[in-house]
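Chemist: The structure follows.
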């Protein structure tokens with residue numbers, strides 16, 4: 020009798036444990052997604068919205084001829100940084116020489132430029148040679164540095180351009 024009662028209770032326990040496990044996984048997934056969303060909103064700077072002046076109220080007339088293809092709407096300011104020379108994390112005897120320019124959408128902020136240069140130096144020291152080899156590695160490096168510059172400047176830097184990149 021005891022064996023029969025145990026086998027009758029086991030399917031009910033298995034179903035309830037499966038439901039509890041699924042509920043726990045679903046709950047943790049919701050908490051993880053919510054936490055990721057909150058952290059993402061805190062890290063990414065809010066976009067800068069510029070209001071266009073109304074027509075006839077100080078708005079500049081559009082240039083005749085339509086301008087160049089791909090020309091920026093506003094004036095850009097280029098700030099070349101000093102050459103950055105850093106040892107790579109692995110192999111430690113490898114060095115990188117990097118010269119980049121920052122393109123500011125607004126006026127150049129020298130303190131921000133110096134902070135970005137320092138941040139690039141610190142970031143380059145954490146990389147290994149395998150991470151930056153080849154065209155794909157260089158593309159990832161360019162994207163990472165551009166993202167770091169935009170975050171550090173809170174959106175003041177519009178772009179980051181490589182002038183030289185040498186690995187020794």
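Numbering (my numbering), first residue to last: 20 to 187. Even glycine gets a Cβ: it sits at the ideal position worked out from N, Cα and C. These numbers come from a predicted model, not from an experiment.
#1: Beta-carbon within less than 6 angstroms of residue 83's beta-carbon, same chain only, minus the 5 sequence neighbours each way: which residues are those?
#2: Output needed for residue 88: all residues of its chain with C-beta closer than 7 angstroms, excluding positions within five of it in sequence on either side, in chain order.
#3: I'd like to know whether the C-beta atoms of residue 99 and residue 116 end up nearer to each other than 8 angstroms.
#4: In whole angstroms, what separates the C-alpha of residue 133 from that of residue 47?
#5: What does residue 114 pair with, by DSSP beta-bridge criteria?
#6: Alpha carbon to alpha carbon, what distance is there between residue 36 and residue 128?
#7: Check whether the Cβ atoms of residue 135 and residue 97 sit closer than 8 angstroms, and answer yes or no.
#8: Taking residue 167 and residue 138 to be in contact with their CB atoms under 8 angstroms, please state how far apart those CB atoms are, rounded to whole angstroms.
#9: Is it the case that the Cβ atoms of residue 131 and residue 180 are separated by a distance below 8 angstroms?
#10: Mind checking which residues open and close the alpha helix (DSSP H) that includes residue 100?
#11: In chain order, what residues of the same chain have a beta carbon less than 8 angstroms from the beta carbon of residue 148, not counting five sequence neighbours either side?
#12: When DSSP labels each residue in this structure, what does residue 44 get in the three-state scheme?
Modeler: Taking the geometry as given:
#1: Here residue 83 corresponds to residue number 64 of the chain shown, with the count starting at 1. Note on residue 83: pLDDT 49, under 50, position unreliable in the model; no value is reported.
#2: Residue mapping note: residue 88 aligns to position 69 of the chain shown, counting from 1. With a pLDDT of only 49 at residue 88, under the threshold of 50, the placement of this residue in the model should not be trusted, and no figure is reported.
#3: Within the chain shown, numbered from 1, the residue matching residue 99 stands at position 80. Within the chain shown, numbered from 1, the residue matching residue 116 stands at position 97. No, the pair does not count as a contact, with Cβ atoms beyond the cut-off.
#4: Working through the chain shown from its first residue, we reach residue 133 at position 114. Working through the chain shown from its first residue, we reach residue 47 at position 28. About 42 angstroms.
#5: The residue given as residue 114 occupies position 95 in the chain shown. Beta-bridge partners assigned by DSSP to residue 114: 106.
#6: Locating residue 128 in the chain shown gives position 109, counting from the first residue. Locating residue 36 in the chain shown gives position 17, counting from the first residue. Taking the straight line from one Cα to the other gives about 60 angstroms.
#7: Taking the first residue of the chain shown as position 1, residue 135 is located at position 116. Taking the first residue of the chain shown as position 1, residue 97 is located at position 78. No, the Cβ-Cβ distance between residue 135 and residue 97 is not below 8 angstroms.
#8: What you label residue 167 is simply residue 148 of the chain shown in a count that begins at 1. What you label residue 138 is simply residue 119 of the chain shown in a count that begins at 1. About 6 angstroms separates the CB atoms of residue 167 and residue 138; that is less than 8 angstroms, so the two are in contact.
#9: Counting from 1 along the chain shown, the entry for residue 131 is found at position 112. Counting from 1 along the chain shown, the entry for residue 180 is found at position 161. Result no, Cβ atoms of residue 131 and residue 180 do not sit closer than 8 angstroms.
#10: Counting from 1 along the chain shown, the entry for residue 100 is found at position 81. No alpha helix (DSSP H) contains residue 100, which DSSP labels as neither H nor E.
#11: As a first step, residue 148 is located in the chain shown; it is residue number 129 there, counting from the start. Taken in chain order, the residues that qualify are 107, 109, 110, 113, 186.
#12: On the chain shown, position 25 is the one that residue 44 refers to. Looking at residue 44 - three-state DSSP - the assignment turns out to be helix.
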